[in-house]
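Note that the numbering used here numbers the sequence shown so that position 26 is 19, with each residue one more than the last.
In this text, a Cβ means the ideal position worked out from N, Cα and C, and glycines have one as well.
To keep things clear, I will list the structure first and then write my remarks on it.
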Amino acid sequence: MRFEIMRLDDVNGTAVDSTVVDAASVNRIVQQAAAIGQRIYIRPADSAAVAS
């Protein structure tokens, strides 16, 4: 399964950028974001996000 992870702006919470990763990478990205206090939003990637 693949997930889209969006990095959120600290001020207003809008998505700054996004990436699609496999399930094995999600934990590493969450750990990195937690270590620096970065806000992220994770959702299952649809087929359109995987293709781009």
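Open item on the list: At the level of alpha carbons, what is the spacing between Asn53 and Ala8?
Closed with: The structure shown does not extend to residue 53, since the chain is modelled only from -6 through 45, so no value can be given for it.
Task: Ala38 classed as buried or exposed, judged by whether at least 16 other C-beta atoms fall within 10 angstroms - done: Taking the first residue of the sequence shown as 1, we reach residue 38 at position 45. Under this definition Ala38 is a buried residue.
Task: Per DSSP, the bridge partner or partners of Ser18 - done: Stepping through the sequence shown from its first residue, residue 18 is reached at position 25. None; Ser18 has no bridge partner.
Task: Check whether Val13 and Arg(-5) have beta carbons under 7 Å apart - done: By one-based count along the sequence shown, residue 13 stands at place 20. By one-based count along the sequence shown, residue -5 stands at place 2. Result yes, Cβ atoms of Val13 and Arg(-5) sit closer than 7 Å.
- [ ] Under 8 Å by Cβ, that's how I've got Ile29 and Ile(-2) pegged, so tell me the actual separation to the nearest angstrom.
- [x] Your numbering for residue 29 matches position 36 in the sequence shown. Your numbering for residue -2 matches position 5 in the sequence shown. Incorrect: roughly 14 Å between the Cβ atoms, too far for contact.
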